[in-house]
Structures are given as structure tokens and as C-alpha cells.
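Structure first, commentary second.
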Amino acid sequence: MHLPNFLEARTRDKRNYSRVDFSFDSKLQNKYQGKTYYIKTYGCQMNEHDSENIAALLEQLGFQKVDKYTQADFILLNTCSIRENAHNKAFGMLGRIKHLRNEKKDIIVGICGCMAQEESVVERILRDYKFVNFVLGTHNMHQLPEVIEKSIQENKQQIEVFSREGDLYEGLPVLRTNSYKAYVNIIYGCDKFCTYCIVPYTRGRERSRKKEDILNEINTLIRDGYKEVTLLGQNVNAYGKDLYDDYHMDQLLEDVAKTGIPRVRFMTSHPWDFTDRMIDVIAKYPNIMPSIHLPIQSGSNQVLKRMGRRYTKESYLELFHKMKEKIPRVTISTDIIVGFPGESEEDFLETMKVVEECRFDNAFTFIFSVRKGTPAEKLEDHISLEEKEERLQRLNTVINQIFLEKNQKLEGSSLEVLVEGISSKKKMYFGYSDTNKLINFTSEKPLEVGDIVSVKITSAKTWSLDGEV
Ligand code: SAH
Ligand code: SF4
Ligand code: F3S
Numbered sequence: 016m017h018l019p020n021f022l023e024a025r026t027r028d029k030r031n032y033s034r035v036d037f038s039f040d041s042k043l044q045n046k047y048q049g050k051t052y053y054i055k056t057y058g059c060q061m062n063e064h065d066s067e068n069i070a071a072l073l074e075q076l077g078f079q080k081v082d083k084y085t086q087a088d089f090i091l092l093n094t095c096s097i098r099e100n101a102h103n104k105a106f107g108m109l110g111r112i113k114h115l116r117n118e119k120k121d122i123i124v125g126i127c128g129c130m131a132q133e134e135s136v137v138e139r140i141l142r143d144y145k146f147v148n149f150v151l152g153t154h155n156m157h158q159l160p161e162v163i164e165k166s167i168q169e170n171k172q173q174i175e176v177f178s179r180e181g182d183l184y185e186g187l188p189v190l191r192t193n194s195y196k197a198y199v200n201i202i203y204g205c206d207k208f209c210t211y212c213i214v215p216y217t218r219g220r221e222r223s224r225k226k227e228d229i230l231n232e233i234n235t236l237i238r239d240g241y242k243e244v245t246l247l248g249q250n251v252n253a254y255g256k257d258l259y260d261d262y263h264m265d266q267l268l269e270d271v272a273k274t275g276i277p278r279v280r281f282m283t284s285h286p287w288d289f290t291d292r293m294i295d296v297i298a299k300y301p302n303i304m305p306s307i308h309l310p311i312q313s314g315s316n317q318v319l320k321r322m323g324r325r326y327t328k329e330s331y332l333e334l335f336h337k338m339k340e341k342i343p344r345v346t347i348s349t350d351i352i353v354g355f356p357g358e359s360e361e362d363f364l365e366t367m368k369v370v371e372e373c374r375f376d377n378a379f380t381f382i383f384s385v386r387k388g389t390p391a392e393k394l395e396d397h398i399s400l401e402e403k404e405e406r407l408q409r410l411n412t413v414i415n416q417i418f419l420e421k422n423q424k425l426e427g428s429s430l431e432v433l434v435e436g437i438s439s440k441k442k443m444y445f446g447y448s449d450t451n452k453l454i455n456f457t458s459e460k461p462l463e464v465g466d467i468v469s470v471k472i473t474s475a476k477t478w479s480l481d482g483e484v
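Every position in the sequence shown, counted from 1, becomes a number in this note's numbering once 15 is added.
This is the structure in C-alpha cells:
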């Protein structure tokens, strides 16, 4: 039994980690043939991608996928800790599984992902959710086959969570949900320690994958017919800093672009590490998509300081305008937190002002959610939830209006779209433009998923555009 410990999770040192080739224990191959699995994934793209590795591990064990948790012999929740409602969703699901277990006594239930790294969550599972067969941390996901095996054979709850990041595993099997666009991890963990955020505790120190491993993976994807890769990390701009003296995100982006894959995306970028060289590379290569996610969080310098974001409103705006100037047609999206402890009405109005200035193409807006063990937990918070909700609503009204106006400007123009499928409701094709706009469209000629076509925009909505090939 290994229990998570936040104090340990917080430590950062330059100790070396090794790159280890994953190998699947051949004794377990197909051992659970005839059994079924269901994975419920919460949270970010990193979790979605982890679930693609997990699915492949389960299929090597012989499990077969089903679409409803009520049909599964094995249910795995791949959880997220970022806000309270992510917690609530996972615990709500556990409640439903508890009911199901009254009828199906022998289902196996596992929990992995970020919540597994939280002390308070594991305590609660040990106390109130004794039926959960195992909890597996983010740093030792490669142990999934043996932990499943152990929890079945020993018939007692297994808690296997490493508080510190360990070695970096390469070569985990993967079962991708898409056959034309793929996630590729480039850096794990986060060292930024924004005061509100739990990720540095649940995902550990920043560790970059070797450039050769990344490029090999992308070349394999190209051979398999993939059209788009999204390079993933909590802060992709920090890529390489822990590993190389002279090879960083700008060079990696350039090398990925040179592989010739038709579309390259990356996320997420912290404004702090975004270099001019990166901007130049994005502007230079037509296959690096002109669409950047650049979270601002707040437009008030005082709030940014208390958030530990390491930039000011002014330096954010300077970077923002530089991108707009140097990268043709670039769209920029953002994340905003309202109601951070101590945020005054003036602070909030500063955020509104920045939003009016930047006119973001997309924005994810959140009410601050206290995370246990983070520095912001200790900050005094005088604002009522009603007031925070009211601010969120005011903010959303403005940004939605901006989205609509920006989309309306696109009417009559043409955008390059990667065909993702046909929506069952509308009987129209859908896909994303290079600038990351969701587009529903018709075509006289039949199209294949993965085709890249030019679509003329006929009408604009707040969240999407309609068009025709
Ligand atoms: N690494 C990414 C963020 C990942 S979390 C980055 O720094 O850009 C995605 C978003 O969730 C954050 O940008 C932030 O806006 C929001 N978030 C994180 N912690 C939060 C909290 N405690 N309460 C509310 N929103 C939070
Ligand atoms: Fe969290 Fe900040 Fe790291 Fe993003 S950069 S994951 S918000 S600590
Ligand atoms: Fe959530 Fe963990 Fe991602 S907290 S947002 S799943 S890194």
C-alpha cells in the first residue's frame, strides 16, 4: 500500500529520472478474456490521452470495451481534481456504481487520475467507498495490469499511489479514439505552482520526453495516415528545459512541422515561457495551426500577483499583440477565473476591460474553486458565491457577444477544415478550421473523415459556423 502525500508531492529537486521501456507481463496477456470494461474519463486532454493508454493495456489483458457502465465487469474512473465539480462528478458516479454493485457483486472498480493523488480523496475512499477495488496514481499508471491482477487475486483494496514522479515510461500501448488526429505528450508535470492550482501536486515535476521519442511517435502516426497532432503538456513552452541545454519548444515545434504532418497544434501555453522564436516558428510553417490557447486568468495585476502567475496585464497584452501582428490570421483563446480570493469589483472590471481589448476567439471561464493543500486555500475570501456567479454571468454575456461578432465577420470567407464526421442530428459534416473554429457544413461530393477541405462560411452562431464545401 502506497498512500499519497502532498508534502512530498510538492518537493522539487533536480534528481535524475530515467527513460524506461514499458514491457507488458506476458503471463497476464489475455488473462481476462471474456470480461468487459468501461472507462469514464474526466478532465483535460492529458487524461483523455492517458485513457487511450489504459484502454490498450486493458485490451492486452483480454478485456473488451462496452459502451455502458452497467454492462461492464470492470469500471475505471480516470479522475480530475481541478475544481470541486470535477470531484463531485466522480463521487456521484461512485454512488451510482455502489447501487449497481448491489446487483452485480463481482464488478471490479478502480480509480486513477489526479484525484488518486489527493490525500483527502484517498482517505474518503478508504472510509466510505470500501467497495472500490483499487486506487492507482498518475505516476505509476504503468502498473495498472499488476494492480488489477493483485486486487482480483488478493481480494482486498489496493492503494498504489506514488507521491513523487518516478521514471518516464516509453512505449505504453495506445488505442487511439481517432484515426486522423492524435494527442502526443511532450512534457509531463508542472513547476509553475500557480497558487490556486492542484496540478503541480497531482502531476509532479516538469519532465520532458526525449525529442527522438516524440518525433518517432509522430512519424509513425504519419505512416498510419494521421493528419493532425496535438502536442500536450500542462505548460508546453517549458519543453526541453529539464533535459537539454539548447533544444527547447521552438526547435521541437520546428522539427515537428518538418515531419510534414498536415496539422500541428499544441496546448497549453503559459504566457511566461512564450518566446519570440516560438512566434517566428509558428508564423513560418503553414502546418502549425494559427490558433493559440493562452490563459490570462485575470486582468488585474494585483490578482495575477496573488495567483502567482509571474506576468502582468501589460506583459500579457504585449505578447498577445505581438502574436496578432506576426502570425497571420491567428486566433487566441483563453482561460479566466473569476472570484479569486480578494478580487474586488475593480479587479473584475479590469478583467472585463482586457476581454474587450483582446476580443478572444474562445474563452473558458470558471469560478474559483478552493483546492485542498494549495496556497490559495489560506487566502481570505470575502466575496459571496452569489456575487461570483453574478460576475461570471456578466463576463460570459460579454464574451459570447464577442464570439458571435467575430464569427459573423467570417461569413462569406473560406476556411480549411479537417472533416471529423457527420453529425447525427443535423446530417451535416463537421470539423475544425485551422483557426480552431467548429464548422458544420454540407458537401455535394461525399467526403471521407480525415479529408481537409475548403469550406465557405454561410452563417455564424456563437459557438459554431455553418458552411458549404
Ligand atoms: N496548465 C494550464 C491550465 C490547466 S487547468 C495553464 O496553466 O494554462 C485549466 C484551467 O482551469 C486553468 O487555466 C484555470 O483557468 C482553471 N483552474 C485551475 N485551477 C482552478 C481552480 N482552483 N479554480 C477554478 N479554476 C481553476
Ligand atoms: Fe496549474 Fe499554473 Fe501549472 Fe497551469 S501553469 S497547470 S494553472 S500551476
Ligand atoms: Fe484535471 Fe489533472 Fe488534467 S487535475 S485538468 S486531469 S492534469
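For glycine and all other residues, C-beta sits at the position ideal for the given N, C-alpha and C.
**Asked** Exposed or buried, V176, counting other C-beta atoms within 10 Å across all chains shown (16 or more means buried)?
**Response** buried
With which residues is D481 paired in a DSSP beta bridge? N455, S474
Is the beta carbon of R222 within less than 7 Å of some heavy atom of the ligand SAH?
-> no
Q) Which residue spans inside the segment 73-142 form an unbroken alpha helix (DSSP H) run of at least 4? A) Inside the segment 73-142, DSSP marks whole alpha helix (DSSP H) runs of 4 or more residues at positions 99-118, from first to last along the chain.
query: Any heavy atom of the ligand F3S within a distance shorter than 7 Å of the CB on Q408?
result: no
Applying the 10 Å Cβ sphere with the 16-neighbour rule, what's the burial state of D28?
exposed
Exercise for review: Locate the alpha helix (DSSP H) running through R406, then write down its first and last residues.
Suggested key: That run of the alpha helix (DSSP H) goes 400-423.
**Asked** In the structure shown, what three-state DSSP assignment does T235 receive?
**Response** The answer is helix: DSSP assigns T235 an H, G or I state.
Exercise for review: Kindly examine the ligand F3S and report whether one of its heavy atoms sits closer than 7 Å to the Cβ of S96.
Suggested key: yes
Along the chain, which unbroken stretches of the alpha helix (DSSP H) at least 4 residues long are found entirely within the segment 220-292? 226-238, 264-273
Whose CA, out of G275, R218, V251, lies closest to the CA of G240? Closest by C-alpha distance to G240, out of G275, R218, V251, is G275.
Next item on the list: Go through its chain and collect everything with a Cβ distance to I297's Cβ below 6 Å, but skip five positions before and after it.
Entry: I303, I342
Notebook entry, point to check: Closer than 6 Å from C-beta to any heavy atom of the ligand SF4: which residues, in chain order?
Noted result: C205, K207, F208, C209, C212, V214, P215, Q249, N250, H285
- Query: Under 8 Å between C-beta atoms, does D36 make it to chain B?
  - Reply: Within the model displayed, chain B is absent; a lone protein chain is all it includes.
Would you check whether the ligand F3S has a heavy atom nearer than 7 Å to the C-beta of C59? yes
| message | Using the three-state DSSP reduction, which class does S33 fall into: helix, strand or coil? | response | coil
Where M16 falls, given that 16 or more other Cβ within 10 Å makes a residue buried = Classification for M16: exposed.
What distance in whole Å lies between the Cβ atoms of M282 and V318, which are believed to be in contact at a cut-off of 8 Å?
-> Wrong, their Cβ atoms sit about 23 Å apart, outside the cutoff.
(message) Please state the DSSP three-state secondary structure of T327.
(response) coil
For R224, the nearest candidate out of F208, I213, G248 (CA to CA): G248
(message) In whole angstroms, give me the CA-to-CA distance for L425 and A475.
(response) 8 Å
Review point. By Cβ distance, which residues of its chain are closer than 8 Å to K236, with the 5 residues on each side in sequence left out?
Key: Lys is not the amino acid found at residue 236; the sequence shown has Leu there. The answer, listed in chain order, is A197, V199, V244, I276.
Residues of its chain near N68, where Cβ-Cβ distance is below 6 Å and the 5 sequence neighbours each way are ignored: L187, V189
Q: Confirm the yes/no value for this check: CB of N62, any heavy atom of the ligand F3S, distance under 7 Å.
A: yes
Exercise. Going by CA-CA distance only, name the one from E402, T380, T346 that's closest to G357.
Key: By alpha-carbon distance to G357, the top candidate from E402, T380, T346 is E402.
(Q) Buried or exposed, going by whether 16 or more other CB atoms sit within 10 Å of the CB of P461? (A) exposed
For my contact list, S458 and E431 are in at a C-beta cut-off of 8 Å; report their separation, rounded to the angstrom.
Wrong, their Cβ atoms sit about 14 Å apart, outside the cutoff.
**Study point:** Identified DSSP bridge partners for Y444
**Key:** Beta-bridge pairing links Y444 to I437, F456.
Any chance the CB of G275 is under 7 Å from a heavy atom of the ligand F3S?
-> no
Contact the segment 134-147 vs the segment 201-215: 3+ CB pairs below 8 Å:
no
Which of the three DSSP states is assigned to K196 in this structure? strand
Quick test of the definition: if touching needs 3 or more C-beta pairs under 8 Å, does the segment 411-419 touch the segment 433-447?
no
Spell out a yes or no on whether the segment 147-154 and the segment 30-38 are touching, meaning 3 or more CB-CB pairs, one atom from each, closer than 8 Å. no
Open item on the list: Within the continuous alpha helix (DSSP H) that includes V162, where are the two ends?
Closed with: 159-169
request  = Would you kindly work out how many angstroms separate the C-alpha atoms of L1 and S479, rounded to a whole number?
outcome  = The question about residue 1 has no answer, for the chain in this structure spans 16 to 484.
Should I202 and E221 be called a contact, given that it needs their Cβ atoms to be closer than 8 Å?
yes
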